[in-house]
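Number of protein chains: 2
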Amino acid sequence: MNIEEITGKKNNIGIVEQKIFSFEGITLDSGIFFGPIDVAYETYGKLNEDHSNAILVCHALTGDEHLAGYHKEDLDAIIAEQDPIQKKRLVRKLAGWWDDMIGPGKPFDTDKYFVIGSNVLTGCHGTTGPSSIDPKTGKPYGLRFPIVTMCDMVKVQKKLCEHLGIEKLFCVVGGSYGGMHVLDWTVHYPDCVELAIIIASTAQVSPQAMAFDEISRRAIMNDPYFNHGDYYGQDKQPNYGTQTARMIGHMQYLSPEAMQLKWGRKLQDKDKPDYSWDCVEYEVESYLNYQGKIFTERKFDANSYLYITKAMDYFDAKHDFSSLAKAFKATKAKFLCISFSTDWLFPTPEVKSFVKALRRAGKDVAYTEIETDKGHDAFLLEFDTLSKLVKNYIEKNGDI
Amino acid sequence: MNIEEITGKKNNIGIVEQKIFSFEGITLDSGIFFGPIDVAYETYGKLNEDHSNAILVCHALTGDEHLAGYHKEDLDAIIAEQDPIQKKRLVRKLAGWWDDMIGPGKPFDTDKYFVIGSNVLTGCHGTTGPSSIDPKTGKPYGLRFPIVTMCDMVKVQKKLCEHLGIEKLFCVVGGSYGGMHVLDWTVHYPDCVELAIIIASTAQVSPQAMAFDEISRRAIMNDPYFNHGDYYGQDKQPNYGTQTARMIGHMQYLSPEAMQLKWGRKLQDKDKPDYSWDCVEYEVESYLNYQGKIFTERKFDANSYLYITKAMDYFDAKHDFSSLAKAFKATKAKFLCISFSTDWLFPTPEVKSFVKALRRAGKDVAYTEIETDKGHDAFLLEFDTLSKLVKNYIEKNGDI
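First to last, the protein sequences are chains D and Y.
Residue numbers 1 to 400, in my numbering, belong to the letters of the first sequence in order.
Residue numbers 1001 to 1400, in my numbering, belong to the letters of the second sequence in order.
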């Protein structure tokens, strides 16, 4: 198939497929041994002879392992679509979430590097999570799934790398939630990372972010159809509560400035309010409702959202050490850290704080703040600036 | 009764009582005539002969008309309480919410002024609201209560003032939600206000605040016991959802700085996490849970919360005018406006923006920003600074 002809996209990686790596399990931070574990992953490009060109991309909160290119069945759906507007929408929607960054000649150049994406433990995109079948009961785990930490998730990524024959990653990169994974890699596997790229992320979330996570979880757990997490196979799903949780998330991704610019106080397709409970009054409400709806339409599992946010709250890069600088002491990685000026979920001062700790630990750190009004969302929106930064950094530091 | 002996409080106004003013109704902003309306109110001090010493205090989102002093039955409860810690708690809890500001010799000096507090339309503290009985059906209104605006609420306050024989208020004062009422008074009753004191409030809320309001309402409406607003008399009430909504509110009252200082990432009475769904892990979660619980314990009506936040979203002081400066053009009031440096619900730049409009309209405006790490909550916490500012302003401008 000619991908460019079908999608209009140049230098696309083309058809990719999900793979599964299964292994016996790991001992979790909580002390429990948990397994078996399936890991859903994708790879792009070729691993070189000495296995030194691997880049691991860690996805954000609700992201997944499908980083770039198209799955065969998705391309078929795009080909079958006759409406040009719908076709364009599918081309955008069905590509991997970092398609612009990964491919031949792109910042993560698949002509040179072997790029890996893997879905986190507790996810709902193929890796074992609360929606998976518990082999002991033959039923989905639900809330009987053990609570896991970021370190547990990274431990699973490490197992996958070993399975692929990779002892040392040329680069580990991630934004937001994924950036925390990158930090954990450098702390717990100090000899295994050459370059660490951390975008819009911090060494721990603030109490404000923890509190919003807790409120989001309440919105899900109080949904009339949540049924203590055992909603699988039910006629009705806890969608409305899950949408509310997602809306709370989106609030943190948007800067107040961006909200003002984008919607302000504009009414939704009308000149004056309806003063009614049966309608959406403002554009900003409509946007958030839409974000909530597409989240449940793509069937993101409500329980996964609970586990994933919980892991974020627990994460503290200095957890096993007396200071952040000590946590970073052993790593041999070089760091590129990027923050966004209007990000209030992972604000610049908090990014600077772990950058300082890295410098105290004597590490090679490049740090930059990107000026933007787009808030935390800039991680997926400020493509031009981000791709230039990353491309330059990799070219400068890549000796392969 | 000797109030000082019972409560340990000096210059307390003493025993006060709720009064009810009933009238036929008003035409709402939505065009509907709504009535009859009961208004719950309290007064402190004496109205002077020419009725020129009245101060109207407009309460915040979930506040009420009980501004100062004690109700007789509450004092009896304090007297009956034997445990000194519990007694102290009751003394604090049962006093009016602005007890420190209103009384003999206090900033709002009841030896000189006649102070009025009234519960807003749609409230749940005596004024007609969704929990009131609809005389047409003999049942509580629930969501059949019409949606009302801030202007409607102020129209009801105006009716109350007329009933009390007051044509012109010496002062209208309010913080947060109440500050919006003050602004509306100056816009819609330009000849009726001498001094307008607006604390931590703006001429309209931001799209960010509107969005959080919408999310809060979703949390209530999706509660399994909400029953489309007809939960009155049910065994179970939509408490959990209402608590979640309140938690979202509190998040906006707290500055990230205050959250960091107060709780940081401290675990709740333990050295390491339990990694369990059955417990509270962090202090910040515990605080918010507590705030949610006391909100439903004081039986704040879930439907009232929906209507009150909706009115906040609709409020725009310039609504009937082409600009904010034009909205303020006609008023004869002098203004004192106060903002708090770490308030992100009603941030200083937004306060400054209506202060600028007031100046463009040629008004006499004093503005000050109070430096604090307490966020929006400072409105009830920065008592010393606030009371001095208000006292000085009233003394300087009060010619009675």
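Beta carbons: idealized from backbone N, C-alpha and C, even for Gly.
Would you decide whether Lys1155/Y is buried or exposed? Buried here means 16 or more other CB atoms lie within 10 Å of its CB.
-> buried
Could one say the Cβ of Gly241/D lies closer than 7 Å to chain Y's Cβ atoms, at least one of them?
-> For Gly241/D, the answer is yes, since a Cβ of chain Y falls inside 7 Å of its Cβ.
In chain order, each beta strand (DSSP E) run of at least 3 residues that lies wholly inside the segment 101-160 of chain D | Along the segment 101-160 of chain D, the beta strand (DSSP E) occurs as fully enclosed runs of 3 or more residues at 114-118, listed in sequence order.
Rounded C-beta distance between Thr1110/Y and Asn1119/Y? I'm assuming under 8 Å.
-> Not a contact, Cβ separation roughly 20 Å.
Can you give the Cα-Cα distance for Val193/D and Leu169/D, rounded to whole angstroms?
-> 5 Å
Mind pulling the chain Y residues with CB within less than 8 Å of Asp316/D?
-> What Asp316/D touches in chain Y: Arg1265.
In chain Y, which residues lie with their C-beta within 8 Å of the C-beta of Ala211/D?
-> Those are Met1247, Met1251, Met1259, Val1284, Glu1285 and Leu1288, listed as they occur along chain Y.
Quick one: using the 10 Å Cβ neighbour count with 16 as the cut-off for buried, is Ser1276/Y buried or exposed?
-> exposed
Return the residue from the list Ile394/D, Ile85/D, His163/D and Gln243/D that minimises the CA-CA distance to Ala333/D.
-> The residue with the shortest Cα to Cα distance from Ala333/D is Ile394/D.
Would you mind sorting Thr368/D into buried or exposed? The rule is 16 or more other CB atoms within 10 Å of its CB.
-> exposed
CB of Tyr1149/Y within 7 Å of CB of Tyr1314/Y, strictly | The sequence shown places Thr at residue 1149/Y, not Tyr. Judged by their CB atoms, Thr1149/Y and Tyr1314/Y are nearer to each other than the 7 Å cut-off.
Consult DSSP for Phe340/D and reduce its assignment to one of helix, strand or coil.
-> strand
Coil, strand or helix - Ile1198/Y by DSSP = Reduced to three states, the DSSP call for Ile1198/Y is strand.
Partner residues on chain D for Ser1206/Y, Cβ-Cβ distance less than 8 Å | Here the neighbours are Pro256, Met259 and Gln260.
Give, in chain order, every unbroken run of the alpha helix (DSSP H) that is at least 4 residues long and sits entirely within the segment 1166-1238 of chain Y.
-> 1177-1188 and 1207-1221
Using a Cβ-Cβ cut-off of less than 7 Å, list which residues of the segment 1212-1223 of chain Y approach chain D; keep chain order.
-> Phe1212, Glu1214, Ile1215, Arg1218, Ala1219, Asn1222 and Asp1223
Among residues of its own chain, excluding the 5 on either side of Gly175/D, which ones have a beta-carbon nearer than 7 Å to its beta-carbon?
-> Ala60, Ile199, Ala200, Ser201 and Phe379
Check whether Asp1152/Y and Leu1121/Y have beta carbons under 7 Å apart | Going by C-beta atoms, Asp1152/Y is nearer than 7 Å to Leu1121/Y.
Host alpha helix (DSSP H) of Phe1383/Y (start-end) | Phe1383 to Asn1397
Return the first residue and the last residue of the alpha helix (DSSP H) that Glu285/D is part of.
-> Run containing Glu285/D: Glu283 to Glu297, per the alpha helix (DSSP H) assignment.
Pull up the DSSP beta-bridge partners for Ala54/D, would you.
-> Phe114/D
Backbone CA spacing between Asp1076/Y and Gly1375/Y [nearest angstrom] | 36 Å
Give a yes or no on whether the minimum CB-CB distance between Leu1324/Y and chain D is below 7 Å.
-> no
Can you list the residues of chain D that Thr1244/Y reaches, using a CB-CB cut of under 8 Å?
-> Ile215, Arg218, Ala219 and Asn222
Pull up the distance between the alpha-carbon of Ala330/D and that of Ser52/D, whole angstroms please.
-> 20 Å
For the candidate residues Glu5/D, Ile6/D, Thr62/D and Phe21/D, whose alpha-carbon lies nearest to that of Thr296/D?
-> Thr62/D
At least 3 beta-carbon pairs within less than 8 Å: the segment 1209-1223 of chain Y vs the segment 1243-1259 of chain Y = In short, these stretches touch, since the Cβ pair count reaches three.
Can you give the Cα-Cα distance for Ser255/D and Met1251/Y, rounded to whole angstroms?
-> 16 Å
Among the residues of its own chain, which have a CB less than 7 Å from the CB of Thr372/D, if the five just before and after it don't count?
-> Phe340, Ser341, Thr342, Ala378 and Glu382
Contact under 7 Å by Cβ, Asp1230/Y with Thr1309/Y = no
Go ahead and pull the three-state DSSP assignment for Glu5/D.
-> helix
Can you list the residues of chain Y that Pro273/D reaches, using a CB-CB cut of under 7 Å?
-> Correct list: Tyr1314.
Which partner residues does Ile26/D have in the DSSP bridge list?
-> Phe34/D
Simplified DSSP assignment, three categories, for Val91/D | helix
With DSSP collapsed to three states, give me the class of His1319/Y.
-> coil
Shorter than 7 Å from the beta carbon of Leu143/D to some beta carbon of chain Y?
-> For Leu143/D, the nearest CB of chain Y lies under 7 Å from its own CB, placing it at the interface with that chain.
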